[in-house]
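One line per chain: the protein sequences are B and P, in this order.
Per the working numbering: the first sequence = residues 1 to 118.
Per the working numbering: the second sequence = residues 119 to 231.
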Amino acid sequence: GAVVSQHPSRVICKSGTSVKIECRSLDFQATTMFWYRQFPKKSLMLMATSNEGSKATYEQGVEKDKFLINHASLTLSTLTVTSAHPEDSSFYICSARDAGGANTGELFFGEGSRLTVL
Amino acid sequence: GESVGLHLPTLSVQEGDNSIINCAYSNSASDYFIWYKQESGKGPQFIIDIRSNMDKRQGQRVTVLLNKTVKHLSLQIAATQPGDSAVYFCAESPEDSSYKLIFGSGTRLLVRP
Chain B
1 GAVVSQHPSR
11 VICKSGTSVK
21 IECRSLDFQA
31 TTMFWYRQFP
41 KKSLMLMATS
51 NEGSKATYEQ
61 GVEKDKFLIN
71 HASLTLSTLT
81 VTSAHPEDSS
91 FYICSARDAG
101 GANTGELFFG
111 EGSRLTVL
Chain P
119 GESVGLHLPT
129 LSVQEGDNSI
139 INCAYSNSAS
149 DYFIWYKQES
159 GKGPQFIIDI
169 RSNMDKRQGQ
179 RVTVLLNKTV
189 KHLSLQIAAT
199 QPGDSAVYFC
209 AESPEDSSYK
219 LIFGSGTRLL
229 VRP
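Below, the structure is given as C-alpha cells:
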C-alpha cells in the first residue's frame with residue numbers, strides 16, 4: 001500500500017527555537033496533505049490543509065504564523081513550528097491524499113512526529 | 119465497562135468475544151465515514167469506510183453500521199483478539215470537503231486474555 005513518511009519521528013528542542021517536520025508521500029503524488037495535532041489521550045485535531053503550489057488553509061483557531069506550512073512539491077509538505085514553547089509539545093500527524101492511480105482519493109497517514117519543547 | 123471524564127472512554131472485552139464501538143458524528147451533511155485504529159505512538163491505521171448511501175459494510179472480522187437518522191456510527195469487531203487492543207476513532211468527511219476528515223473523540227479497546 002501507499003506509504004507516507006514523517007521525519008523526524010521524535011524531536012526535542014529548547015523553547016524559542018523553530019522546528020520543521022516533513023511529510024512525504026513515498027510512492028504516490030499528493031496534491032493535498034493534511035496536518036493534525038494530537039494531545040495525549042485525545043483525538044486528532046485538524047490544523048490545516050496543505051495544497052501543492054498554493055497557500056495552506058488553516059482551521060479556525062490555528063495560528064498560521066505559528067505553524068508555517070509549505071507544500072512545494074507533489075510529494076512533500078513541511079510544518080514548521082516557529083518559536084516553539086512547551087505548550088506546543090504534541091504529536092503531529094500528517095495525511096496525504098493520493099491524487100491518482102489505484103488508490104485515488106484514499107488518505108494515507110504518516111506515523112506521526114512527537115515534539116517536546118523544553 | 120466504560121469510563122468517562124478526562125480519559126478516553128474504555129471498552130474492555132474478553133478475548134474471543136465480539137466488540138461494538140460506537141460513535142456519534144456531528145454533521146448531517148457528511149457523506150463519508152471511516153474507522154481508524156491507533157496504537158500507542160503511531161499514526162492512524164485505516165480499518166473500514168462507508169458512504170452515506172449505505173447503512174452497512176462488512177470487512178474481514180469488522181462491520182460498520184451507519185444510522186443517518188440519529189447520526190450514529192458503530193464498529194463491530196468479531197472474535198476480538200489481543201492485537202485489536204488500541205484506540206479506535208471514527209472520522210467524518212463533510213460533503214465537498216476535499217477529503218478533509220473530522221475525527222471523533224475515540225474509544226480505547228482493551229482485550230482481556
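Beta carbons: idealized from backbone N, C-alpha and C, even for Gly.
| Query | Result |
| --- | --- |
| Beta-carbon spacing of P:L227, P:S158 below 9 Å | no |
| B:G132 at chain P interface by Cβ criterion, 9 Å | With chain B covering 1 to 118 only, the question about residue 132 of chain B has no answer from this structure. |
| Against chain P: residues of the segment 60–83 of chain B by CB proximity under 9 Å | none |
| DSSP state of P:D173 mapped onto helix, strand, coil | coil |
| Straight-line gap, P:G222 to P:K186 (C-alpha atoms, nearest Å) | 16 Å |
| In chain order, each alpha helix (DSSP H) run of at least 4 residues that lies wholly inside the segment 28–60 of chain B | none |
| Per-residue burial, B:R97 [other beta carbons within 10 Å of its own, 16 or more giving buried] | buried |
| Distance, P:I152 Cα to B:C23 Cα | 22 Å |
| Rounded C-alpha distance that separates P:T198 from P:R230 | 10 Å |
| Proximal residues of chain P, C-beta to C-beta of B:R97 below 7 Å | Y217 |
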